[in-house]
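Residue numbers (the working numbering), protein chains in the order written: chain H, 1 to 251; chain U, 1001 to 1251.
Backbone N, C-alpha and C fix where the C-beta goes; we use that ideal spot for every residue, glycine too.
Keep in mind it's a predicted model, so treat the numbers as computed, not measured.
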DNA sequence: ATGCCTTTGTGAACGCGTGCACAAAGACGG
DNA sequence: CCGTCTTTGTGCACGCGTTCACAAAGGCAT
């Protein structure tokens, strides 16, 4: 029991909740920092604080991986780094292609975070003939005509799309056709992919709009607080912003 | 202090669920495309398909905004564009500062998606004196020494951090000190901010690691299906973590 | 060896988000 | 003006994720 190695949750591969998977890289980063400082063990409280999460959540997350902690002591940093790395598949090499070598694509190619954990930029691809052969981040830009060959030759299964939105779906289709099964999409487009292909999107515009929403809310809250009690009989400042009726009702 | 205790009830924002807010920009984008094609009305089914979500979800989302549809007909595109824009606060101008003008910062400065919806890059800031005065995306790079002045002068409330991870928290503290209340963080660091400040993070490394996890799982599933005895109870019903999982989590 | 003290691992409750299914509402043809 | 047909808006149930709270587990001092 102590070795809970093959203690696979009844529902086989589905054992680890998606939300937990999304936090594992966060834990790994914090653990790596501890490892570099030669810290031998860490408690769930300390590690949770470093990762910016709740300690109970962290313990539950780790419980999905197995019992890797020691009660009364905490977790062995090195061991945990290894276990999480293995769970995330970072002990193997993941060649990645970047399609669309504009400003953003070039920035990603130069981004150190890529290479840091088993990810290797295998190729840079662009549709512009004028760019073909140019060196970006020490790699030659190759033409999109050779996309399928490049992917198959290098055994690439992860693709990053940094093209304009108008080209994204077309590129995506070709990537999937060539065997890519995981896509990180920076283009402002909803990609359609067949079952079995994972897509994650990073959308700067959407992030800003979400921030703007909260920013606006903060501004109106502030205004309501300072701008006068108002004869409408609304309580000036009740702790709960609840009961707030939409400011403008359509006629 | 400033131990990021972002305790967000998620339902606090004027009754609009956080998950809905995160989808509004998606709807807005689809609606804008329809508007440009002069499509007068759209059904929840059509719009949902264009935005890549479930139609029931879309209708429920809109129900939080009010009853802007017409039964038997659908939604008026122009009206909905306006309502969502207003709700998201996009009818006003949002000056933004970008701190850290490396490859990524420069890429963002050039990114068209910024200016597209009320967002305006008000200033570029970097700690490197050698960069001060250089033109990036038509704007002069200013030194971080003037950060507070720049922010106050331009009335900026949204900051984008594209510095190395080691500088992120320091920059963050100064931004907050200068009055910034919304931060989009690209640095691979957990930022601590006081209450009242929103932080959203975009972490390329984490996204890749999540993809790698699923990629590894797909590989082992495949292996088990081909290599192992079939009747071990592994039906191919596994549709995978399909769908558009937002790549950015609220901090 | 024993008892105390720390920390893990987890059962259970709760709350949010999602999707179903259907009644209400309105357009439209006759 | 009425019936039919389309589509919205939503009550309800379900499942996932989060959090609390605590018993079990193990180190450590005596």
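{"query": "Exposed unless 16 or more other CB atoms sit within 10 angstroms - verdict on residue 1138 (chain U)", "result": "exposed"}
{"query": "Backbone secondary structure at residue 186 (chain H) - three-state DSSP", "result": "coil"}
{"query": "Within 8 angstroms, strictly: CB atoms of residue 1056 (chain U) and residue 1030 (chain U)", "result": "no"}
{"query": "Cutoff 8 angstroms: residue 1157 (chain U) Cβ touching any chain H Cβ", "result": "yes"}
{"query": "Cβ-Cβ distance between residue 1134 (chain U) and residue 1144 (chain U) below 8 angstroms", "result": "no"}
{"query": "Best match in H:37, H:63, H:38 and H:36 for proximity to residue 44 (chain H) [C-alpha to C-alpha]", "result": "H:63"}
{"query": "Residue 143 (chain H) - partner residues in DSSP beta bridges", "result": "H:126"}
{"query": "Under 9 angstroms from the C-beta of residue 117 (chain H): neighbouring residues of chain U", "result": "1205, 1208, 1209 and 1212"}
{"query": "Whole-Å CB distance - residue 252 (chain H) paired with residue 171 (chain H), under 8 angstroms assumed", "result": "A query on residue 252 (chain H) cannot be resolved here, the shown segment of chain H reaching from 1 to 251 and no further."}
{"query": "Residues near residue 106 (chain H) in its chain [Cβ-Cβ closer than 6 angstroms; skip 5 each side]", "result": "136"}
{"query": "Within-8 angstroms CB hit, residue 1029 (chain U) to chain H", "result": "yes"}
{"query": "Contained beta strand (DSSP E) runs [length at least 3] in the segment 29–89 of chain H, N- to C-terminal order", "result": "74–76"}
{"query": "Cα-Cα separation, residue 202 (chain H) to residue 1114 (chain U)", "result": "14 angstroms"}
{"query": "Chain U within 8 angstroms of residue 51 (chain H), Cβ atoms only", "result": "yes"}
{"query": "Where residue 216 (chain H) falls: helix, strand or coil (DSSP)", "result": "helix"}
{"query": "Min CB distance residue 182 (chain H) to chain U below 8 angstroms", "result": "yes"}
{"query": "Expected contact under 8 angstroms - CB spacing of residue 83 (chain H) and residue 65 (chain H) to nearest Å", "result": "6 angstroms"}
{"query": "Separation of residue 169 (chain H) from residue 37 (chain H), as counted between CA atoms", "result": "45 angstroms"}
{"query": "At least 3 beta-carbon pairs within less than 8 angstroms: the segment 1181–1193 of chain U vs the segment 1202–1212 of chain U", "result": "yes"}
{"query": "Which of helix, strand or coil DSSP assigns to residue 230 (chain H)", "result": "With a pLDDT of 47 at residue 230 (chain H), under the threshold of 50, the modelled position of this residue cannot be trusted; read the value that follows with caution. Correct three-state label for residue 230 (chain H): coil."}
{"query": "Expected contact under 8 angstroms - CB spacing of residue 1073 (chain U) and residue 1041 (chain U) to nearest Å", "result": "6 angstroms"}
{"query": "Straight-line Cα distance separating residue 193 (chain H) from residue 199 (chain H)", "result": "8 angstroms"}
{"query": "CB contact check: residue 26 (chain H) to chain U, cutoff 8 angstroms", "result": "yes"}
{"query": "Cβ shell of residue 1174 (chain U) (< 6 angstroms), same chain only, five flanking positions each side left out", "result": "1147"}
{"query": "Secondary structure of residue 1135 (chain U), DSSP reduced to three states", "result": "strand"}
{"query": "Minimum Cβ-Cβ distance from residue 1138 (chain U) to chain H less than 8 angstroms", "result": "no"}
{"query": "For residue 173 (chain H), the residue or residues it bridges with in DSSP", "result": "Its beta-bridge partners do not exist; DSSP assigns none."}
{"query": "Assigned exposure category for residue 1216 (chain U) - 16 Cβ within 10 Å defines buried", "result": "buried"}
{"query": "Chain-order list of residues whose beta-carbon lies under 6 angstroms from that of residue 1154 (chain U) (same chain, five-residue window excluded)", "result": "1095 and 1122"}
{"query": "Classification of residue 17 (chain H) by the beta-carbon crowding that lies within 10 angstroms, buried from 16 upward", "result": "exposed"}
{"query": "Within 8 angstroms of chain H by C-beta, residues of the segment 1105–1134 of chain U in sequence order", "result": "1106, 1107, 1108, 1110, 1111, 1113, 1114, 1116, 1117, 1118 and 1119"}
{"query": "Inter-residue Cα distance where the pair is residue 1093 (chain U) and residue 157 (chain H)", "result": "41 angstroms"}
{"query": "CB of residue 149 (chain H) within 8 angstroms of CB of residue 81 (chain H), strictly", "result": "no"}
{"query": "First through last residue of the alpha helix (DSSP H) which encompasses residue 1105 (chain U)", "result": "1103–1110"}
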